[in-house]
């Protein structure tokens, strides 16, 4: 489900200028030794990793991908179940204790979708993705027609309004042009923010239906040759996808917070808050063009214009558009494949790995390119076991079902096993789509050094430097371009310090959400990308083996590279004497986030003052062209003092505690091993550190989300908001809430610090 | 010729952050009194202006425009001559001493132009602008086929390469993609820099031909509905224009520096440095589309992509393109209409006003919309004379011919009368295209306060505030948008100070060049625009009365507004007791420019260091996608110390002298009148102040340009470069030249300061 092309940008939103000094500090901390291992153990671990690597065979990844992408594999399809059973057999063959865990979820599927333009120049949308030459699966039956799951049923006719990306600022621009979407059908284009926000915001503004089309500027011919000549989206290609309000909670809309087991108590459909009230339909630009041509009214703002050969207007259209969406709202099964390898000395510490196996059509890119790397890891680990190795901690490899509609398989499993996971899970490592390019690593920042050490030990297939150094080069070049965004410049500055490269904070968009944001388990999301052309077929019928083999990772070199980076992290976490987390990196990152919040407050205040000045001087009215009237913006609320002092102090205290832990860890590393009992106690506490960043009260208006540092943005969807309670309150100008959550978040950080101090004591205590 | 839509941007390039304090200083200087007048004289002047305004009749402007745009009026056309004679008769009828001054200039006109794509999918370009419904002149004969005057004759066949806007950075991007244009035909799109630079740079890079097309993103359907439904460029519309190398010298290519009178010594054609050596042709996007579709090679960088429904590639094309341009290189006559009104007390001080009358086709927008305001002023002034008024100084009203091919009429006249003009001319006020919107004022900054006072006294037809306050609102809103450029923010900051709004520095693009940049006469360029749609028909067959009456200035309210602003400035300059220049405004502006140069040096040094770091770490190579290789950029030269201290000191001395003059002027204004002789001596010196900013040696490589503060950029064309000797040397990394011209410019500024001190003495000397 995750969209590689949009992830980096979103992630960059959590970088800052004060960063450089922080990394310098981190560099000081890095003695080059393998984190969590004594020198002797580290040597053994490296040879283990070499034996692991030796078993990775790109031909096998290719074979599994071709096989699993040979038929449509969306939730409820025969091949989806077949793929689960295929993996079950494989895991068992490789020596894992595996089973399939089934949940029953609400998963509507389209019974009738129709779209037509009425009036003098009527047009009936094809809503069909034709077979294309050379794509051998593109003519197969069993693919669901393009739709957005969890939109409402409806049969509506109304004039059309174009709302650009359909994000909040777009509605402000419409309002300034006197355009009201109440009672209208809104057409938006993909991009600029998460898909699900588009119909949600349209609904909140009073629209009765929503269309989402793929403009060729964003992933079609403007980007490159279209499929099958090139990899980009053809005229009839459509992006399917979920529009459930996953910012409230992901998973089965009827069972928030609990596993959707047979007996589970389910909400009535009408009470499911994550399901839309209006119909929504994704369409191709071939079908969108006649609709856009029917628009009247003001010319669209310059930044709203796509690459279609027409004058983009905001509307409304003179003729009405007629939209019909009817679905089968029955329950469907999802099949999670769970494979375990019991730990020798710490069986009750789990190291969990996941990737989903359900696709929207054939799912070659999304998700199978990532899923086959997980399979390759599992097979190689099985091979190590056959060679006599046993992990110290328990390894759990999971292939989730139902990720596409709303992280269903992973969320229901995590909810069903919540207390056990909070007791046992020390890491969740996720992957999803994978392709050629650069390592894209996000997650808990206490894991940043572990990721860097692993990335430093794996060679990039194209450049033959380490994947970390290639990523560093990418960050440096990205941040150096004349028109680089401040975030890209900040990242480049961090990368230029040498040592560790920053990892991103996680929002949502793949299966880590329940583990990180609901249960507070330290998590990572890894994948390669940036050189591939997946955007053009994302969630369309053309997400096929043939496309992937041409434009994804033709020799599966990046599949193997991901298996190495992820596999090494799993093995090190399984075998480390001291769990390989480094809390100073979290502290450094937190300092940056707090710095960002101060800047956000200052910038918001400046912008507010400026806007008020302009309004008071009637500048907007005087500037406006009377023949193309654009009204002044609505007056922003006045801004009181925002008190971030509690955060400043908590961050400062945490910095001191992190330094103390680091010193104690260094003394320990140089000294004798800890007594087994104390080491176990230590690892127990390290394993639950991330959970202290959660609070049962959760985030404002969405208490499924318990993590106080990382969350998907209410108004960005996949995009992360760090220190969300405070940041989103400021952005939404809810001033009291901002002050309240600054204090609450400080309390949470103090709990983290308190447990960190206990770790330090344990390390220092004389044996 | 000037292009209103691109002018503001260019002008903003000469603003800076240190600006605010400067304006504050200016505000202190402003006692509100009419500059150059005693209180009693000011009252009389205001009533004179009221009587002037009362005679301005929009219906007359409309009538003249319709009449003069009723036939093609390019140089050498019958109607061009007829328009000159029409104005001659009018000026005489209005009581002016008028005559037509004729020059004979080299003006090539096309005999044969042809363009075809060869190979398997051949295409022959139409090169024809069809008649459109409702545009009554669009089917008239006598319009020259679309061409770029002063391109070379040629008949060439070669593969095609796309070079975006054809600016220097674009060639760097091509080189990084391994694309060499030697022996190729280059196709560029209009925009991004002056037209004439495109073939010049193509030629310098070894291309054998150049095409320039209008992409619909820049002035076609992407901007709005096309003509005749809307005002924007239709599919077959073509932008004509000059490609003479006017950065070397404007005017007749065969007579640099002297008037092209019958007996004048002329260069041989081959020795004319401003004429291209390769053929060039402007085409429509209808004709460009098949050529762009024929391109192969790498996908064009994102910022290169226009609004055509295709994948923009850089090429080269598999098939060759065949381009033919053959011209008639004979001499043609240009008819300058010169009307004078002798001054009563200072006949040897001339106040000069000009606008050109030649167009590319019908010239309704460009230039007649400005020319009819000049006529309206002349008629109203004639009316004042009939009422018994006489100007104290001599008024010269000129309507130039041959501006479009290269400022021919104004340049030849200025060169022919150089010494007399340097003795007598105290102001040159230019206008050109005029339309709805905001006052666009550029010129010598010693005239900034005069312009502001005049703009403050004229009401905007749409908003009914003063045109100055509307311009201020525009600057404030422009600079407040999220994605405002730093220059726009700097301007907004200046405007927010209240008091005077900044005027722009002048580069080139209209008839002020010879007066300001060659002779050093204080100059202004005025016009309204920004709400009109002229870009879409600029220099095409559709620059017609019908288009202007719909999309330009339908009720001619802005024609009258321009006549008022320009007329009041002319009348005040003609009658002022002390010529209305304020040197503190120049000093404030110079301080900003010097600040910009310091920033330019710092930024260039930082960028150089960063680029060297990236190259040394092989970051570009590691970042590159091996399947879409982009090589590292060429290594920038190392940067030595740049010594701007001479400029800093000269600017500081000037500031002190300007303050002293200001104080002396204030004492004078409060005290008794100066004795007539001293006043005359004073005005003589004020009138020649701007000339002290010139140096006979001129600018590096182009000594026709004598002004050391304002010049058109060698690599921007119309776009100004302030303190050009220093700024362009730094930008081109010619370090020794930068240091050399910093010292030279300081000397020039000291001459200005020395004469300013003499003014102060004259004001202070006891009578």
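Protein chains in written order, with full-length UniProt numbering: chain A, 1 to 767; chain B, 1 to 767. From the three backbone atoms N, C-alpha and C, an ideal C-beta is built for every residue, glycine too.
| Item | Value |
| --- | --- |
| How big is the Cα-Cα spacing for residue 734 of chain B and residue 714 of chain B? | 14 Å |
| Suppose you measure from the CA of residue 468 of chain B to the CA of residue 232 of chain B; what does that come to, to the nearest Å? | 28 Å |
| DSSP three-state call for residue 608 of chain A: helix, strand or coil? | helix |
| Do you know how far the Cα of residue 424 of chain A is from the Cα of residue 697 of chain A? | 22 Å |
| Find the residues of chain B that neighbour residue 640 of chain A, judging by a C-beta separation of less than 9 Å, and give them in chain order. | Those within 9 Å of residue 640 of chain A in chain B number zero; the least Cβ separation is about 23 Å. |
| Please specify which runs of the beta strand (DSSP E), each continuous and at least 3 residues long, are wholly inside the region 391-420 of chain B, giving them in chain order. | 393-400 |
| Taking Cβ positions, are residue 147 of chain B and residue 542 of chain B nearer each other than 8 Å? | no |
| Just the C-alpha distance for residue 222 of chain A and residue 304 of chain B, rounded to the nearest angstrom, thanks. | 10 Å |
| As an exercise, report each continuous alpha helix (DSSP H) stretch of at least 4 residues that is fully enclosed by the region 444-518 of chain A, in chain order. | 448-456, 467-480, 486-496 |
| What are the start and end residues of the beta strand (DSSP E) that includes residue 188 of chain B? | 185-189 |
| Look at residue 436 of chain A and residue 548 of chain A and say whether their C-beta atoms are less than 8 Å apart. | no |
| Quick check: what's the CA-CA separation for residue 650 of chain B versus residue 749 of chain B? | 6 Å |
| What residue from B:102, B:135, B:88, B:196 has the CA that sits closest to residue 716 of chain B's CA? | B:196 |
| Give, in chain order, every residue of the region 591-622 of chain A whose Cβ lies closer than 8 Å to some Cβ of chain B. | 610, 611, 613, 614, 617, 618, 619, 620, 621, 622 |
| Taking all protein chains shown into account, do 16 or more other C-beta atoms lie within 10 angstroms of the C-beta of residue 645 of chain A, making it buried, or fewer, making it exposed? | exposed |
| Answer with yes or no whether the minimum CB distance from residue 562 of chain B to chain A is below 8 Å. | no |
| Under a three-way DSSP split, which group does residue 558 of chain A fall into? | helix |
| Around the Cβ of residue 329 of chain A, are there at least 16 other Cβ atoms within 10 angstroms (buried) or fewer (exposed)? | exposed |
| Output needed for residue 170 of chain B: all residues of its chain with C-beta closer than 7 Å, excluding positions within five of it in sequence on either side, in chain order. | 163, 164 |
| In angstroms, rounded to a whole number, what distance separates the CA positions of residue 3 of chain B and residue 358 of chain B? | Confidence in residue 3 of chain B is poor, its pLDDT being 47 and thus under 50, which makes the residue's placement too unreliable to answer from. |
| How should residue 134 of chain B be labelled, buried or exposed, when 16 other C-beta atoms within 10 angstroms of its C-beta is the threshold for buried? | exposed |
| Could you check whether residue 565 of chain B and residue 426 of chain B sit closer than 8 Å to each other, using their CB atoms as the reference points? | no |
| Between residue 497 of chain B and chain A, is there a C-beta pair that is closer than 8 Å? | no |
| With distance defined between alpha-carbon atoms, name the residue in B:376, B:395, B:375 nearest to residue 343 of chain B. | B:395 |
| On the DSSP bridge list, what partners appear for residue 630 of chain A? | Residue 630 of chain A pairs with nothing; no bridge assigned. |
| Quick check on the DSSP output: what are the complete alpha helix (DSSP H) runs of length 4 or more inside the UniProt domain "Transferrin receptor-like dimerisation" (642-756) of chain B, in order along the chain? | 645-670, 676-687, 724-731 |
| Classify residue 493 of chain B: buried if its beta carbon has 16 or more other beta carbons within 10 angstroms, exposed otherwise. | buried |
| Roughly how many whole angstroms lie between the Cα atoms of residue 321 of chain A and residue 629 of chain B? | 46 Å |
| How should residue 440 of chain B be labelled, buried or exposed, when 16 other C-beta atoms within 10 angstroms of its C-beta is the threshold for buried? | buried |
| Chain B beta carbons: is any one of them nearer than 8 Å to that of residue 22 of chain A? | Confidence at residue 22 of chain A is low in this model, with a pLDDT of 48, below 50, so its placement is unreliable and no value can be given for it. |
| Verify the CB distance criterion: does residue 490 of chain A have a CB-CB separation below 8 Å to chain B? | no |
| Counting Cβ pairs closer than 8 Å, one from the region 306-325 of chain B and one from the region 62-73 of chain B, do we hit at least three? | no |
| If you check the beta carbons only, do residue 594 of chain A and residue 648 of chain A fall under 8 Å apart? | yes |
| Taking 8 Å as the cut-off, does the region 675-691 of chain A touch the region 521-536 of chain A (at least 3 CB pairs, one atom from each stretch)? | yes |
| Run through DSSP, which three-state label would residue 536 of chain B get? | helix |
| Any idea if residue 182 of chain B is buried or exposed, counting beta-carbon neighbours within 10 angstroms, 16 or more meaning buried? | exposed |
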